[in-house]
Every structure is written in structure tokens, then in C-alpha cells.
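Heads up, the thing below is written out as C-alpha cells.
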Amino acid sequence: MGVKRVYYDWDDINKLLDTIWSKSGNKFKSVTGIPRGGTILAVLYSHRFDVRYSPAASLDSEQLIIDDIADSGDTLKLWKKTFPTNSFATIHYKETSEVKPEIFSKKIPEDYGWIVYPWEKEDSKTIQDYLEI
């Protein structure tokens with residue numbers, strides 16, 4: 019049977035980034051990402067909106083830190099503790115996440131399914147096989 023998978027393509031990602039851009043109010047001077055998916059998004063965001071990309075996070079309130087999803091919230095919780103003056107954005111925010119990002123593109127329910135991003139399609143099949151158990 020397995021877990022339902024929801025596939026996103028690059029056009030979907032661009033639309034979700036557009037939402038983050040519109041919600042951010044164009045107030046950030048730089049962007050960085052939480053590895054792995056967030057790094058890809060930060061580079062895309064940088065190019066798409068002409069915002070300086072930073073390879074590392076800094077304690078800068080004008081730097082946006084982006085990630086792909088706030089799922090359990092564990093990752094955001096750790097990063098927010100380390101970088102408390104920054105704003106955080108995710109393209110997906112699961113309602114059950116322990117931490118809510120300041121900016122998100124799409125709120126999703128707990129039973130939404132396993133999201134497969136376009137940068138994961140080829141190399142993540144073996145990682146996702148555990149979902150079939």
C-alpha cells in the first residue's frame with residue numbers, strides 16, 4: 019500500500035517561491051538555506067528575485083533563512099535557537115509542526131502525503147523506500 023506521494027515540479031516550486039517573495043515585502047538583503055532542500059531554494063530565490071545569496075547563515079535580521087518544509091519543526095527549532103534575529107521561510111508548512119515559520123507558501127494538513135521535490139526525484143527513491151514498509 020505505502021504512503022501517498024505528492025510530486026512537485028520546477029514550475030510549482032517557482033510559484034511557491036513567488037508566494038514567499040510577495041509575503042516577504044522585499045525586506046531581505048540576503049538569503050541562505052538550510053541544507054539540503056533549503057540551499058537549492060535559496061539559490062533559486064536569489065536568482066529569481068535578485069537577492070544576494072549567502073552560503074552561510076549569520077545573525078542578520080535582513081537575512082532570510084529558507085527551507086523546503088516545516089514538518090515536525092525540529093530543524094526550524096534548532097536553527098531559530100541558533101539564529102534568533104533572522105526570519106525563516108518554508109515553501110510548505112505542516113499544521114502539526116512544532117514551529118511555525120514567519121513566512122510560508124502553503125499550509126498542509128498532517129495527512130497531505132510525502133512530498134517529493136523535483137531535486138529529489140532521481141536520487142531519493144531508495145530513501146523513500148522505507149515508506150513502503
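Each position in the sequence shown, counted from 1, maps to that position plus 18 in our numbering. For every residue, glycine included, the Cβ atom is placed at its ideal position computed from N, Cα and C. Note that the structure is predicted; figures quoted are calculated from it, not measured.
#1: Going by CA-CA distance only, name the one from A107, I87, W132 and Y111 that's closest to E120.
#2: Would A75 pass as a contact of K112 if the rule is Cβ separation under 8 angstroms?
#3: Could you check whether the segment 92-102 touches the segment 21-30, counting it as contact only if at least three pairs of C-beta atoms, one from each stretch, sit closer than 8 angstroms?
#4: So what does DSSP say about I52, is it helix, strand or coil?
#5: Going by Cα to Cα distance, which pick from S123, I133, R70 and S64 is closest to T37?
#6: Alpha carbons only, please: which of S72, I109, V117 and N44 is nearest the one belonging to G91?
#7: Spell out the partners DSSP gives A88 in its beta bridges.
#8: If you draw a straight line from the alpha carbon of Y26 to that of L59, how long is it in whole angstroms?
#9: Assuming G55 contacts W132 (C-beta within less than 8 angstroms), just tell me the rounded distance between them.
#10: With DSSP as the reference, label W132 as helix, strand or coil.
Taking the definition as stated:
#1: Within the sequence shown, the letter at position 102 stands for residue 120. Closest in alpha carbon position to E120, among A107, I87, W132 and Y111, is A107.
#2: Against the sequence shown, residue 75 aligns to sequence position 57. Against the sequence shown, residue 112 aligns to sequence position 94. Cβ atoms of A75 and K112: not closer than 8 angstroms.
#3: Contact fails between the segment 92-102 and the segment 21-30, because fewer than three Cβ pairs, one in each stretch, are under 8 angstroms apart.
#4: Translated into the one-based positions of the sequence shown, residue 52 becomes position 34. DSSP places I52 in coil when its eight states are reduced to three.
#5: Residue mapping note: residue 37 aligns to position 19 of the sequence shown, counting from 1. Nearest option by C-alpha distance: S123.
#6: Looking up residue 91 in the sequence shown gives position 73. For the residues S72, I109, V117 and N44, the minimum Cα distance to G91 belongs to V117.
#7: If you number the sequence shown from 1, residue 88 lands on position 70. Looking at the DSSP output, A88 sits in a beta bridge with Y111.
#8: Sequence index remark: in the sequence shown, residue 26 carries index 8 (1-based). Sequence index remark: in the sequence shown, residue 59 carries index 41 (1-based). Going by the C-alpha atoms only, they are around 13 angstroms apart.
#9: Sequence index remark: in the sequence shown, residue 55 carries index 37 (1-based). Sequence index remark: in the sequence shown, residue 132 carries index 114 (1-based). Contact between G55 and W132 is absent: CB atoms are separated by about 13 angstroms, not below the 8 angstroms threshold.
#10: Locating residue 132 in the sequence shown gives position 114, counting from the first residue. Reduced to three states, the DSSP call for W132 is strand.
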